[in-house]
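Asker:
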């Protein structure tokens, strides 16, 4: 015995695509948030970075945002280090600027060092600021998103 949908199957297919799309975006958003927090903690703690603080401004300017359609929905980091008050402000401003440039994407993780001289610390001084975090994210992000999708689909099946 089989079930055949003769009328309205296009509507059912469209509803299914919307539902699956929502699950994928939700899973990516969760995975990006967890990954961003993990990477920012690694950078700030020195596990994924290698420069010595002078003023704390560079480390304070480091953070991330989960961005959906250009809107920042979650941030992490931008904590004052060595009583620096400027780094966090500049980091958040840089994140907001980049978020607008990513408006055509459903979901993205943006990790920033808001101080302009971060690139010089990496290029000229040969220190690691964000590059190792980027490599780590590329290496494990797809698996993390797949895991979250699997969890959400299992949750949906239980409902």
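Residue numbers (the numbering used here): 231 to 389.
A virtual CB, placed ideally from N, CA and C, is assigned to each residue, including glycine.
#1: Taking residue 344 and residue 317 to be in contact with their CB atoms under 8 Å, please state how far apart those CB atoms are, rounded to whole angstroms.
#2: Which same chain residues, not among the five before or five after residue 264, have their C-beta less than 8 Å away from its C-beta?
#3: Residue 270 and residue 341 look like a contact to me (Cβ under 8 Å); what is the Cβ gap, rounded to whole Å?
#4: Do you know whose CA, among 388, 365 and 334, lies nearest residue 278's CA?
#5: Tell me the DSSP secondary structure of residue 339 in three-state form.
#6: Buried or exposed: which applies to residue 245, given that a residue is buried once 16 or more other Cβ atoms fall within 10 Å of its Cβ?
#7: Quick one: what does DSSP say residue 293 is sitting in, helix, strand or coil?
#8: Tell me the rounded alpha-carbon separation between residue 289 and residue 324.
Answerer: Inspection of the coordinates gives the following:
#1: 6 Å
#2: 374
#3: 7 Å
#4: 365
#5: strand
#6: exposed
#7: strand
#8: 14 Å
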